[in-house]
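Trainee: Okay, handing you the structure first.
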Amino acid sequence: MNTRQAKVINQGQEDEMEVWGYRPCWWKILLVGVGAVCSGGLLLLLLYWLPQWGVKATCTHSSLKEAQRLLLRTTDDFRRWFRIKVRVILAPGKTPFDDVEFTSCLQKGELYHRECGVQSKRLGRERDAQVHYFTHHNIKYYWNEETQNFEAYKGLEDTNVSCADIHTNHSCGLTRALQEYRALFFGKNLIDVKMPPLFKIFINEVLNPFYIFQLFAVIVWCLEKHYEFGLSMLLVSSVLLAFSLYTVRKHHVRLRDMVLAHSMLQVFVCRRNEDVEQMMSTELVPGDVITIPTNGMMMPCEAVLIRGACTVDESMLTGESAPVTKTSVPSSGEEADRIYNTEEHKQHTLFCGSHVIQSRPGADELVKVVVVRTGFSTEKGQLVHSILHPKPTDFKLHRDAMHFMMCMGGLAVIGCIYSVVLHVTRGAAPEIVIFASLGIVTIAVTPILPVALTAGLLNAQRRMKRVGIFCTSPQRINISGQLNLICFDKTGTLTEDSLNLWGIQRAKDGMFSSPETEVTTETLAKTSFVACMATCHSLVRIEDKLCGDPLDLKVFNATGWILEEPAEEQPALHDDNISTVVKHPQKGGELGIVLHFPFSSTLQRMSVVVRQLGQKHFDVYLKGAPETVVNLCKPHTVPQSFTETLETYTRQGFRVIALAHHQLESILSWPEVQNLSREQLETNMDFLGLIVMQNKIKEQTTGVLLDLRQANIRTLMVTGDNMLTAISVARDCVMVQAHENVIIADAVPPNDENPASITWRYSDNHVVRNEKTPRVIFADEGMQEEDTVGYHFAVSGPAFAVINEHFPQLLPKFLLRATVFARMTPDQKTQLVQGLQSMDYIVGMCGDGANDCGALKKAHVGISLSELEASVASPFTSAIPNISCVTNLIKKGRAALVTSFCVFKFLALSSIIVTCGMLLLYWVLSSFGSFQFICMAIGMSLCLPFTMSMNPARKKLVQRTPPTNLKSGPVVFSVLSQMLNCLLFQLLTFFLVQQQSWYDTLEPVSCNETSTVVEFEEVYVKNFENTSMFYVTSFQYLIVAIVYSKGKPFRQPSYKNWPFVLTCAFLYVFYLFTMLHPLPAIDNALLIVCIPYDWRITLLMIVMAHTVVAFTLEVLIVDTLWKIVQLKLATKALTANTTQMVNGPWGWNFLSWMLCCKKRSPKTKYKLLTLKLQELTDWPPAPSTITYASTPQYLIADP
């Protein structure tokens, strides 16, 4: 395939794909049909598994415009292929936003959609255009003539409409005909979770390679006359298939129920002729104008407010339960000229799935919104889409497991060759030669491995649900066990949601007054400071209860004022433009809020326009981050001691908010005020003073952070709060310990005279140490510091942006030790997560979801503190409102990861055990019998791994990290040592039985056997070697299962896993009983011959010896000696140079070579960088030094 002809769709997005065009080729289709007949359908099956081959084999390449078939390939690391049919829509225009004359024809039953290349039953009007499109994962992609590529229409944003254009061109709604025309492209406004028929699910599951291989194995064993074993495998496969069908069906039912309740409701739509029409929400298209009732509604789409205001619960989207206020999109000013975007203008956007609690109309108008997105293009639709079509997780265990399957396939090929050569040289019949070689293939390759690994994840998911952690992406559970860095939001995550008002400090005549703790005094009642506290908020009254941001509630309640919603029975007191009124209970002085600019994380402030009832002028009140507010105030109103006062509070961990006020000119009318932009209103402010809030750390925070620190998991704080406040909280919760230095990086962008620079400032408690950097030892994939004095970097959002842009080579060194990130915007949080991931950290993010959605989604593991089971914010949602969920998630993730390794090692070794046993029996032209295979391959290979995965996680988070690589030394050594151990005792049993004195004198028959009729299978199976090998091999299964199911350090002891204990106990009793006290019925069924009792005791001793050796290898060597030697060699490698290592004792050099622990560079970037920094003498920078970005080698100026 010529990749130069490929087009890219969804460029720059997560679902970016390459696309090629094809047209069917009839002679190729004919050849494939002949090949399918000759191969018995196997060729079709192969082409089904490999869609790229299927398209190439039946089609010829063509341009995308003329293509009837498309081949899609994702551009991520997985390179998944999809084959798609191109369809055609007949419409008057080529895009949904064309201005066309359209006559509704839907009632006539005329056909509008057909498959490309198929003649339509409708000829259509001459002016109808044929628009090509295809559907992939519920998203439709239409052909664009301008770009000569397929594009997905998201909604009204595709037209690059400005906020002002929404008012002028889209506020009147659509005609019925235009609505039907757009519906041709956008379809129904429905997050349609289709319930696939059971038959279709059945066919998709049956064609899975796992079940095809199982079917092949059943046929082979039945043809080999092992009917019982073949039918047993068929029964097991049927049970697994039924379970898979049930799981898929239940998954779709759960999703459908989640979206169905909010997908269909009655709405009122405004038409261009000023009529209001009632219709189903499923008929909405982008551009429709709908009204919001006063008592609210559940949003069935995404829409932008153009009239009135709304109070909305967006907990499903953000995880934050506090209602937020949405205002109408600006119609004038600089903000109105900006291109509308749902993310940038989210304070004006009602998202699908959010609950509008109440709406507030203005000036006798209905609250109106313009629909901008529908269906799967909405935020809720994207959540459902991500659950329906999850992106594969790049988990190394799965890739290594596939490599192992290939290795087992190679072993099967070698076994086939051995079997063929052996049976042919011994003169065996041709059918025996064929079936014996195929039997090796069906036993050596373990098709049950993917099912067993999935079962372990499902068990882990159920255990997480019990502790209040809900997961929408089970593939990430194993990744949560690998986390080595966690980013925490501060407010609401590390600290309490609610803040207590400690006091205020007003400013007057450019000076601060003394701090005041009481706000309700008579002297303060009518001041601008208290008026700002009472009006500058987003609070609403719902069912006679104040609701809103906890901080706003605390500040407002401290004033003692009363908030009222406008009432129709009080026209004298309430202007039509006033949305909310606040007043003092005794002093009067009612203030009406006429304009509201909600808090913006990017701007770090909010403001309101207020008019005192009875007055003609308007007042602007503003509150926000002190650094931001000061820049908007007149310099002479800001006290000279502002910086010192702010630092005094923030160093003590207080959260400080600044207030400002500006009185507008009396000549400005209400329409003129409306036309002023936010930037124009928020200028020339008078600085009013500071509100000091006390933000307490949650009770669980310090203990959790200490547990994470002891477990070598790095923790970071990412907050929008003040730098010094964040540092103080970091010290209080022991994220930064008392003896550690905090270095603040003050970065400024370049100007006309100077390049970009960083000033390194030590915050406080500058501790001098003997060595510049700590010594670090990497052990067990973890990191340990040997020094007693460390350092942490702290940076603000603006400084981080400068470092990210102008100091790219310095950024990794900085991120390696950066701990506190303050005044960070949501986009900067996402950039931080991506930067840490680029250093090979496995990053987790924990936040309340309000401003962390981007970072939560981008992190390897995102945890949203929310009461909902599913959230757009992150794949994990915790109903527990504190960070204890993080340690619970890591512990259960580590247990799931270790379980996956245990199951893999057991299934790998069980395949090798039975394969080696069969190869040994082939030497005497024998094999295992049907019921023997049932006992080993089904009774133990199924029961043991499934019960093994039920081990619960350990309650303590340990310092060691679980293995993440199947090719690592401990894992490979464990499997190889146990394999050699099993093979050794199998060889011992096989040859020792042939040396017994009774071997040539006794006839191999069952105990108490009287029948003289001998079946073929009995001749082939019943012999002394088979009976001895069956007993030893069966016990080897059990021994390996117990050895690999050890609990510590990541799981609880195996004896607490009662299903596994009962399974092992039953199997041990069964095999011991049948070996020491034979029963004729069991012996006849298992085709076991009668052997002397002393040989049975010998077999028991062999089993006991094997048990001792197996436990010694796993516990003493793998778990103990390996760790000691590895740690000692790692320490020696760090403290000695290369020459000393080479000239060291030969014993240590040999162990270093054998255990792969010779001095070598770490594989992860952050570990390699840590070791390199130990060689630097100028890092970290000294206090007050300045780093310039003048050259690639950054200049450092001394203080």
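Using our numbering, read the sequence shown as starting at 3 and increasing by one per residue.
From the three backbone atoms N, C-alpha and C, an ideal C-beta is built for every residue, glycine too.
So, at 8 Å on beta carbons, what are the nonlocal neighbours of V738 in its own chain, with the 5 sequence-adjacent residues on each side left out?
Mentor: Cβ within range, chain order: I729, A732, V744, H794, T821, V822.
Trainee: With H, G and I counted as helix, E and B as strand and the rest as coil, what does DSSP make of D829?
Mentor: helix
Trainee: When you compare only the Cα positions, how much space is there between M19 and L74?
Mentor: 6 Å
Trainee: For E279, does the three-state DSSP call read helix, strand or coil?
Mentor: Per DSSP, reduced to three states, the secondary structure at E279 is strand.
Trainee: Between which two residues does the beta strand (DSSP E) carrying G298 extend?
Mentor: From DSSP, G298 is part of no beta strand (DSSP E); its letter is neither H nor E.
Trainee: Decide yes or no for the touch test of the region 687-694 against the region 498-507: beta carbon pairs closer than 8 Å, at least 3 of them.
Mentor: Contact holds: three or more Cβ-Cβ distances are below 8 Å.
Trainee: Name the one or two DSSP bridge partners that L867 has.
Mentor: DSSP lists S880 as the beta-bridge partner residues of L867.
Trainee: Alpha carbon to alpha carbon, how far is D734 from C904? Give it in angstroms, no decimals.
Mentor: 40 Å
Trainee: Between the C-alpha atoms of I715 and E1177, what's the straight-line distance to the nearest angstrom?
Mentor: 24 Å
Trainee: Spell out the partners DSSP gives L718 in its beta bridges.
Mentor: C489
Trainee: Please confirm if L817 has its CB atom under 9 Å from at least one CB of chain D.
Mentor: Within the model displayed, chain D is absent; a lone protein chain is all it includes.
Trainee: Please determine whether the Cβ atom of A1067 lies at a distance below 8 Å from any heavy atom of the ligand PLP.
Mentor: As presented, the structure is devoid of all ligands, the ligand PLP included, so that no description of it is given.
Trainee: Excluding five sequence neighbours on each side, which residues of the same chain lie with their C-beta closer than 8 Å to the C-beta of G56?
Mentor: For G56, where only same-chain residues beyond five positions count, the Cβ hits under 8 Å are L49, Y50, R85.
Trainee: Quick one: Cα of Q349 to Cα of D315, how far?
Mentor: 13 Å
Trainee: Using the Cβ count rule (16 or more neighbours within 10 Å means buried), how would you classify E159?
Mentor: Its Cβ being crowded by 16 or more others within 10 Å, E159 is buried.
Trainee: Measuring alpha carbon to alpha carbon, tell me which of V369, C635, F1026 ends up nearest A627.
Mentor: For A627, the nearest C-alpha among the options comes from C635.
Trainee: In three-state DSSP terms, what is E646?
Mentor: helix
Trainee: What are the residues that DSSP puts in a beta bridge with P26?
Mentor: C61
Trainee: Can you look up I805 in the DSSP assignment and give me helix, strand or coil?
Mentor: helix
Trainee: Sort Q70, G722, C40 by Cα distance to R25 and report the nearest one.
Mentor: Q70
Trainee: Expressed to the nearest angstrom, what Euclidean distance is found between the alpha-carbon atoms of I892 and K958?
Mentor: Those two C-alpha atoms are separated by around 11 Å.
Trainee: Within a Cβ cutoff of 7 Å, which residues of the same chain sit near P965, ignoring the five residues on either side of it in sequence?
Mentor: F903, P972, V973
Trainee: In its own chain, which residues sit with a C-beta less than 6 Å from the C-beta of Q7, not counting the 5 before and 5 after it?
Mentor: none
Trainee: Please give me, in chain order, every unbroken run of the beta strand (DSSP E) with length at least 3 that falls completely inside the region 596-652.
Mentor: 607-614, 621-626
Trainee: In terms of residues, what are the limits of the beta strand (DSSP E) holding K9?
Mentor: 9-11
Trainee: Applying the criterion that 16 or more other CB atoms from any shown protein chain within 10 Å of the CB defines a buried residue, is E16 buried or exposed?
Mentor: Counting Cβ neighbours within 10 Å, E16 comes out exposed, since fewer than 16 surround it.
Trainee: Measure the alpha-carbon distance for F187 versus T456 and round it to whole angstroms.
Mentor: 39 Å
Trainee: Going by DSSP in three states, V271 sits in which element: helix, strand or coil?
Mentor: strand
Trainee: With a Cβ-Cβ cutoff of 9 Å, do S602 and V622 count as a contact?
Mentor: no
Trainee: Check whether the Cβ atoms of V422 and V435 sit closer than 9 Å, and answer yes or no.
Mentor: yes
Trainee: Work out the CA separation of F437 and S943 for me, nearest whole Å.
Mentor: 22 Å
Trainee: The beta strand (DSSP E) with S759 in it runs from where to where?
Mentor: Element bounds for S759: 759-764.
Trainee: Please name the residue or residues paired with A1204 in a DSSP beta bridge.
Mentor: Absent from the structure is residue 1204, since the part of the chain shown begins at 3 and ends at 1201.
Trainee: Going by other Cβ atoms of all chains shown within 10 Å of its Cβ, with 16 needed for buried, is Q216 buried or exposed?
Mentor: It counts as buried.
Trainee: Under DSSP, the alpha helix (DSSP H) around F948 begins and ends at which residues?
Mentor: 945-950
Trainee: Throw me the rounded Cβ distance for the T76 and I31 pair, which I believe falls under 8 Å.
Mentor: With a Cβ gap of about 27 Å, T76 and I31 do not count as contacting.
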